[in-house]
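Protein chains in written order, with the numbering used here: chain X, 168 to 655; chain C, 254 to 763. Note that CB positions come from ideal geometry on N, CA and C, so glycine has one too. Working notes, beginning with the structure itself.
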C-alpha cells in the first residue's frame, strides 16, 4: 500500500519540483539577514526550479494518461499542457518581478514563494479528479493569492485588494462547498467518473436538486476565472496588486479555472439531457456577458494595467466558449488560445512594467511616442495589441479563429457573432495604445532604464512565438490536438 | 511546374523584399531609400507587364500556367494558393502602376522616410495578396493584414485629424471583415471540412442554396444570411452607402500617395470581393439581392455627387466623387449582364486611374498652397486664377477632370456607357436617375474648376510655381492611360471578357 503510494509520486515530479523550489527559496530567504543578498539567489533558484519543472512536463507530454493517489488526480496530456502554460506564466511573472519596482522597492521576496504556492494549487486544479482535490486546489490557490494581492503592505490600495479578494473568495468558496455537498448527497460519490455515471440516470427530483447545486459550484470556478457576474473583485485586485502579481493573476488562476471548467463540463455534461441543457445554457449566457462586460469596461480605463486586466476578463469569456463546444475542437482551441494568451499577456505586462518603473504610473499617456524612444519595444507592443485584438498574422487571430470555428461547428451562430463583435470592441482600446505609441510625440527625453538589452531580448523572445504561431500553427495545433482529456 | 509559374510569387513577394531592403538601409541615406523603393516598384510593375504579355485572354477560368498551390496548414486544408484570371489581372496591373507612381509622388516626404517607404511596400505586397489569393483563408489574412500598414500610413503621415481617421478606418473595416470571418468559417463546415473548404473556386457555383442556419433563435437560409455578412464586409470597403462614412475622413487626412492608393486600389478590393467571393459562392443570394444592390449603388451615385457638390475642401470633393463613381460599379455589378459586368470591371480600372490622377493633382497643389479650401471657412476664395498661374497643371487637371466626368474620348466614358447599356433593360428607372447623377458629376467638377482656375489670380496664389519635371513624369503615364483606353479600350476589355462572361453565365442560371 505505502509502496504503491510512493510509486504514484513518479507521476507527480513537476509538482514536487515546484514544491521543492518553494522550500528552497524559503531556506534561502531565512538564511540571509540582508534582503539584497538573498534576492538574486532566490530569483535564480526559482528560475532554475521552474525551468526543470517545465522540461519534465514537456517530456511527459506524450505519456499515456494515468491516475494517481487513488484516483484523486489524473495526469493526462491536457493537464500537462495546462501546467506548462501555468509554469511558463509563473516563470515570466517572476522574471518580471525581478526588475519591477513594485515589488522590490522595498524588497518583497515573498512574491516568489507565494507565487510558487499558487502555481502548485493551479497544477493541482488542472489535474483534479475528484471534488476534494478540486476544492483543495482552489483553496491553495486562493489563500496564497490573498497574500499576494496585499504584497505592498504599506499601500492602502494593496491591502484593500487583499481584503476584497479574501472576502469574495471566502464567500464563493463557501457557496461552492455547499454545492459540492449537495452533489455528494445526491450522487453518493466525489469521484468525477462515478459522479458522471450517476448523473446519467437520475430521477426528476434529483435533477431539481442537482441543477442549483451545480450553479453554486459554478460560483467557485467563475470567481477564479473572474467571469461576469463574479468579476467584481478583479478590477480592484488587479489595480491594487503590484504589477507582476497582476500579470501572474491574469494567467495562472485564470488558466487553472478554465482547465477545471473544461474538465467538469466534458466529464459531467457530455450526455444530452436537462442537466447538459441547463449547464451549457448557463455557460453561454455567462461567456457572452463576460466578453461584453470585460471589453466594454476596458474602453474607459486610464491605466494600461487596468485595461489589460479588463481585457483579460474578455479573453476569459472567449476561452469559456471553448468549454461549451464539449469536444476535442473546444479543448484544443482553448489550449492554443492559452499558449498565445500567456505570451502576449507576459510581454504586454513586461513593457508596461518598465514604463511604470520610470514614471510611477502606467497611464496611457506614458506610452506616448514610444516608437521614437524604444522602437523595438513599441513594435513589440504593437504586435501584441494587434494580436490580442485578433488581427492576422498573429497568434491571437489564429486562436480566435479556432474558437469561432469550434462554436460555429456546433451551430452557436449567435454566440459567434457576439464574440466577433467583441473583437471589434476590443480593437478600439488596443488601438488606443498603438495610437499613442506611434502617432504621438514623446513626452520627455528621459531614458527608460528598465529596457536594458537583456530585458528587451526577453520581451522580443516572448513576442516571437506570437508571430510564429500566427503563421505556422500546425505543429502547436497538433500538440494541442493530442492533449486529450482523460476521464477516469 | 511551368516556367512562368513563379511569376505570381515574384509579384507577391517582390515588394516585401523591397520593404526588408528599406529597413536594412541606413537611416541617413534618404535618397538611397527613395531610389531603392522606386526601383523595387519599377521591377514589380515590369513583372505585372510580363504577366500581361503572357496572359491568355481566351481562357475564362484561372490561368493554369501561373497557378501556385502549396499546402500551408494541411490540418485545416488551408493552402497557399495563387491564381490569376481576367478579373484580377486589371487590378494587378493597376496596383503595379499606381504604387510605382505613388513612390515617385512621395519624393517630398520628409518624416521618417524609412518607415514610410517600408510600410508602403508592405502595403503593396498585401494588396497583391488580396488580388491573387485563391484560398479564402489566405485572402482573409491578406485582407486584414492590409489594414496594419494602412493604419500607420494614415496615422503617422496624415493631416491634422489623422488619428481619428486612421482609427475609424481600421475599426470600420475590421467590423466588416470579422463578419466575413464568421461567414468563412460557416462555409468551411458547410462543405464538411474537405480539401475544398477554403478553395474559392471549389466553393463557387451556388452549392449552398438548400442549406439553412439557425441564428438569433430562428432558422434562416444559409446562402442569404452569409451573403449579407460578406456584403457588409465588402461594402464597407467599396464603400456602399450607408457604410461610407469612414471614407471622407480617411481620404482627407491621408497623405497624397495614400489617398491615391486608397481610391485607386483599396476601394476596388471591395468590388473585387463581390466578383471573386460573394457573387460566385452565393449566386442565388446575389440574384435575390440584386435589386437592393442596384438601389444602394444608385444612392451612392446621387448622394456621393450631391455631397461632393457641397464640399469646400477640394480633396473631400474628390473623395465624395469616388463614392459616386464606385456607385456605378455597384450598379453595373447588380445588372449581372455581360455589358454591365464588363463595364463594372472596366470602371474599376478606369476609376483607379482617374481618381488617382485627381488625388495626385490635389497633392501637387497642396504642396504649394498647404491648404485645400476652394472656399475658405470665412467665405473668401482659397484659389483663383490657377489657369494663368500654372498652365501645365491646369491642362493635366482638365484631362483628369474630364476622365473622371466620363467625357467621350476619355476612359471613364467607355465604362460608364457599358454600364448603362448593361442595366438599361433591367433597371430603367435606375438608369435614368443615374444619368442625372452623371450630370451632377459634371456639375460639381466643372463648378470646382471654375472657382479654382478661372478669374483673377488671387494674392496667395501668385507664388505658386508650375509642375516640375518629376510631377509631370508621374502624371504622364496616367494621362496616356486615360486617353488611350478612352479611344481603344480593347487591351483591357479583351483580357477580362472571358472571365466576366463565365461569371455572368453562371449567375444567369439562378
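- Per the coordinates, the alpha-carbon of residue 343 (chain C) lies some 28 Å from the alpha-carbon of residue 419 (chain C).
- Residue 469 (chain X) counts as exposed, since fewer than 16 other C-beta atoms from the protein chains shown sit within 10 angstroms of its C-beta.
- Short of 8 Å from the beta carbon of residue 451 (chain X), and not among the five residues preceding or following it, lie these beta carbons of its own chain, in chain order: 491, 579, 582.
- Its chain contains 184 as the residues whose beta carbon lies nearer than 7 Å to that of residue 219 (chain X), once the 5 sequence neighbours on both sides are disregarded; these appear in chain order.
- With its beta carbon less than 7 Å from one in chain X, residue 326 (chain C) belongs to the interface.
- Residue state for residue 420 (chain X) is assigned as helix, using DSSP reduced to three classes.
- In terms of CA proximity to residue 745 (chain C), C:309 leads the group C:309, C:295, C:262.
- Residue contact with chain C for residue 533 (chain X): absent (no Cβ-Cβ distance below 7 Å to any residue of chain C).
- An exposed status is given to residue 740 (chain C), since fewer than 16 other beta-carbon atoms sit within 10 Å of its beta-carbon.
- Between the C-alpha atoms of residue 295 (chain C) and residue 613 (chain C) there is a straight-line separation of about 19 Å.
- Between residue 575 (chain C) and residue 735 (chain C), the beta carbon gap of about 16 Å keeps them out of contact (Cβ cut-off 8 Å).
- Annotated three-state conformation of residue 451 (chain C) is coil, per DSSP.
- For residue 652 (chain X), not one C-beta of chain C is nearer than 7 Å to its own C-beta.
- Around residue 388 (chain X), the same chain offers 424, 427, 428 as residues with beta carbons nearer than 6 Å, after the five sequence neighbours per side are excluded.
- Residue 388 (chain C) carries a strand assignment under DSSP once its states are collapsed to helix, strand and coil.
- About 17 Å separates the beta carbon of residue 616 (chain C) from that of residue 714 (chain C), a gap too long to meet the 8 Å contact definition.
- In the three-state reduction of the DSSP assignment, residue 465 (chain C) falls in the strand class, which pools E and B.
- Annotation: the continuous beta strand (DSSP E) that includes residue 334 (chain C) extends over 331-335.
- Per DSSP, the unbroken alpha helix (DSSP H) holding residue 181 (chain X) starts and ends at 180-198.
- It is roughly 34 Å from the alpha-carbon of residue 505 (chain C) to the alpha-carbon of residue 565 (chain X).
- Residue 623 (chain C) counts as exposed, since fewer than 16 other C-beta atoms from the protein chains shown sit within 10 angstroms of its C-beta.
- Using a Cβ distance threshold of 7 Å, residue 606 (chain X) and residue 408 (chain C) count as a contacting pair.
- DSSP places residue 240 (chain X) in the strand class (E or B) of the three-state scheme.
- Within a 10 Å sphere around the beta-carbon of residue 244 (chain X) sit 16 or more other beta-carbons, which makes this residue buried.
- Residue range 233-235 is occupied by the beta strand (DSSP E) that includes residue 233 (chain X), with no alpha helix (DSSP H) assigned at that position.
- Among the residues facing chain X, residue 526 (chain C) is not included, as its CB has no counterpart in that chain under 7 Å away.
- Just measuring C-alpha positions, the residue of C:550, C:718, C:687, C:653 sitting nearest residue 699 (chain C) is C:653.
- Note: residue 566 (chain C) is bridge-paired with C:626 in the DSSP secondary-structure output.
- Just so you know, the alpha carbons of residue 424 (chain C) and residue 595 (chain X) end up roughly 7 Å apart.
- Close to residue 409 (chain C), with beta-carbon spacing below 7 Å, are these residues of chain X in chain order: 605, 606.
- Secondary structure of residue 426 (chain X) (DSSP, three-state): helix.
- By a beta-carbon distance limit of 8 Å, residue 248 (chain X) contacts residue 647 (chain X). Their separation comes to about 7 Å.
- Counting the other Cβ atoms within 10 Å of the Cβ of residue 302 (chain C) gives fewer than 16, which makes it exposed.
- For the stretch 377-400 of chain C, residues whose beta-carbon sits nearer than 8 Å to a beta-carbon of chain X comprise 393, 394, 397, 398, 400.
- For residue 442 (chain C), the closest of C:475, C:371, C:620 by C-alpha to C-alpha distance is C:475.
- Its chain contains 315, 387 as the residues whose beta carbon lies nearer than 7 Å to that of residue 454 (chain C), once the 5 sequence neighbours on both sides are disregarded; these appear in chain order.
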